[in-house]
Amino acid sequence: MNLIDGKATAAAIKAEIKEEVEKIVAQGGKRPHLAAVLVGHDGGSETYVKNKVLACEACGFESTLIRYEDDITEEELLDCVSRLNSDSNIDGFIVQLPLPRHINEQKVIEAIDYRKDVDGFHPINVGRMAIGLPCFISATPLGILTLLKRYGIPTSGKKCVVLGRSNIVGKPMAQLMMQKQYGDSTVTVCHSRSLNLKEECRQADILIAAIGRPDFVTADMVKEGATVIDVGTTRVPDATRKSGFRLNGDVKFDEVAPKCAYITPVPGGVGPMTICMLMLNTLSAGKHEFYN
Ligand code: NAP
């Protein structure tokens, strides 16, 4: 069994990004600038945004954090998006999800200028990704693709099973694994209504679990020699931790790992890569790599 070290891979990529940024700046170019909008005080969102700001520092980016209380109106948030769209100093920005219930998330996503949509959630980026055109690709699936590539794990012609069909992970992951220029795999997507889910999983050369159900994937669902990617990060109570919780993956790691050729841990697998790919997208935005 080989452990896929997302933390080390992300650190290496961030160092590469920083090197490129310093070259750009030395040649008189602009330091990439990421803005993050955080609404309310959700513990998970606070941590994610804090880590994104730290990652910006590691990459030599400028960053701006814009905070609102959770009673902000939809109109006020849309005004903020509009200001960021037209601020030429900001190369890319994200609005941290989830948003409070009274705000229509899809409306906010669609208000973001797709050329600054470094999360890759805008329908234009999703559509371009689906037909294989250059665009911002959602960070978690892009991070997984990057791990598979950096670890030299063959995907072409392999059978890939994706558990979960969310817009931010499952669907784009399945799209990318299927496309010729990325995974080039034969892909099956399973969800909460899927029949014979265990049998489907047992066929997988590459199993990607993104359902948010702790320890859902057990050893009897995994083929000998498979590669298992665990996207799940559920906070489960843990009295032994100072925080009172730990992050639990969708895979029952101890029993699944011995059967795998490769497996990602939680934490330290997909999570650090997600933030790292946001940085890569911000670098691309700064370079106007996909759009003018
Ligand atoms: P989500 O929007 O809640 O979607 C979950 C998906 O899993 C849905 O498609 C759902 O099916 C499916 N599902 C739920 N229970 C199932 C079951 N018992 N059997 C089969 N399918 C089931 O979640 P998400 O945003 O994609 O996130 C998934 C997990 O990844 C969460 O733990 C989240 O915290 C984590 N995550 C981690 C990162 C990272 O960087 N590490 C990034 C994003 C998300 P239906 O469609 O039928 O409801």
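All letters in the sequence shown, in the order written, are residues -15 to 276 by this note's numbering.
Each residue gets a CB set at the ideal place from its N, CA and C atoms; glycine is no exception.
Remember, predicted model here, so these are calculated numbers, not experimental data.
Roughly how far, in whole angstroms, is the beta-carbon of Cys43 from the beta-carbon of Val9, given that I think they are within contact range, below 8 angstroms?
About 12 angstroms; that fails the 8 angstroms criterion.
Are the CB atoms of Tyr275 and Arg99 within a distance shorter than 8 angstroms?
yes
Just verifying my parser: in three-state terms, what is the DSSP assignment at Leu117?
coil
Ignoring anything shorter than 4 residues, give me the alpha helix (DSSP H) runs that lie fully in the region 65 to 126, in order along the chain.
89 to 95 and 107 to 114
Where are the beta strand (DSSP E) runs, 3 residues long or more, that stay fully inside the region 141 to 226, in chain order?
143 to 147, 170 to 174, 190 to 193, 210 to 214 and 218 to 221
Please state if the CB of Lys36 and the CB of Pro256 are separated by a distance shorter than 8 angstroms.
no
Suppose the cutoff is 7 angstroms on Cβ atoms and the five residues either side in sequence are ignored; what does the same chain contact list for His106 look like?
Ile93, Glu94, Ile96 and Tyr98
Put Ile137 into one of helix, strand or coil per three-state DSSP.
coil
Integer-rounded CB distance, given that Gly196 should sit under 8 angstroms from Thr172
With 8 angstroms as the limit, Thr172 and Gly196 do not qualify as a contact, their Cβ atoms being about 19 angstroms apart.
Any idea what DSSP makes of Thr266, helix, strand or coil?
helix
Relative to the ligand NAP, is the shortest distance from any of its heavy atoms to the C-beta of Ile195 smaller than 7 angstroms?
yes
Between Thr139 and Ser178, what straight-line distance do the alpha-carbon atoms span, to the nearest angstrom?
24 angstroms
Within 10 angstroms of the Cβ of Gly111, are there 16 or more other Cβ atoms? Answer buried if so, exposed if not.
exposed
For Leu81, which option in Val23, Phe120, Leu38 and Tyr246 has the closest C-alpha, if you only look at C-alpha atoms?
Val23
Beta-carbon proximity check, Ala188 vs Val215, cutoff 8 angstroms
no
For Val220, count neighbouring Cβ atoms within 10 angstroms of its own Cβ and tell me buried if that reaches 16, exposed if not.
exposed
Locate the beta strand (DSSP E) running through Phe229, then write down its first and last residues.
Phe229 to Asn232
Report whether the distance from the Cβ of Phe200 to the nearest heavy atom of the ligand NAP is below 7 angstroms.
yes
For Ser150, which of Val212, Leu49, Lys142 and Pro125 has the nearest alpha-carbon?
Pro125
Within a Cβ cutoff of 6 angstroms, which residues of the same chain sit near Asn232, ignoring the five residues on either side of it in sequence?
Pro198, Thr218 and Val220
Is Tyr246 near Asn(-14), with beta carbons less than 8 angstroms apart?
yes
Would you list the one or two residues that DSSP bridges to Thr48?
Ala19
I'd like to check one pair, Asp234 with Val206: are the Cβ atoms closer than 8 angstroms?
no
So the alpha helix (DSSP H) Ala(-5) belongs to, where does it begin and stop?
Gly(-10) to Ala10
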